[in-house]
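A.B. asks: Have a look at this one.
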Amino acid sequence: MTEKLELQPNEPLSVKVERHRAVYLAAVNGEGGADMDQEANARMEIIRHAPSDQDERDQKLLYVAGYLIASKGSLNPEEMELLLSGSTSLSGH
């Protein structure tokens with residue numbers, strides 16, 4: 192991966208989560224032409240999301256944790272670093 196990973200708040204987290212769920216289910220079930228590359232891109236949108244407040248930060252972490260448990264997946268070191276950097280970037284935390 193050659194692009195620089197950075198946090199992005201361009202869409203609400205809920206939109207990114209729904210997109211990821213749809214693409215993940217379609218890829219796993221072989222529906223709609225979705226594949227795991229599309230799933231990875233949708234997952235990265237969530238990981239790169241810059242939370243607007245503590246509640247959204249917690250929602251993001253909870254969703255990613257649930258996804259990893261359900262999929263029995265893991266994050267690469269860059270994804271983990273980005274996820275954790277976003278979880279501590281809110282002022283006062």
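Those letters in the sequence shown? Residues 192 to 284, per this note's numbering, in order. Note that the Cβ used here is the ideal one computed from N, Cα and C, for glycine as well.
Does the pairing of the region 267-278 with the region 220-227 give three or more beta-carbon distances under 8 Å?
C.D. replies: no
A.B. asks: Can you find the residues in the same chain that come closer than 6 Å, C-beta to C-beta, to A225, ignoring five residues on each side of it along the sequence?
C.D. replies: V214, A217, A218
A.B. asks: Taking the alpha helix (DSSP H) that S262 belongs to, which residues open and close that run?
C.D. replies: 245-262
A.B. asks: With E236 and K207 assumed to form a contact (beta carbons below 8 Å), what rounded beta-carbon distance in angstroms separates them?
C.D. replies: For a cut-off of 8 Å, the C-beta gap from E236 to K207 is around 5 Å, short enough to register as a contact.
A.B. asks: Kindly indicate which residue of L204, I238, Q229, D246 has the alpha-carbon position closest to the one of L266.
C.D. replies: In terms of Cα proximity to L266, the closest of L204, I238, Q229, D246 is I238.
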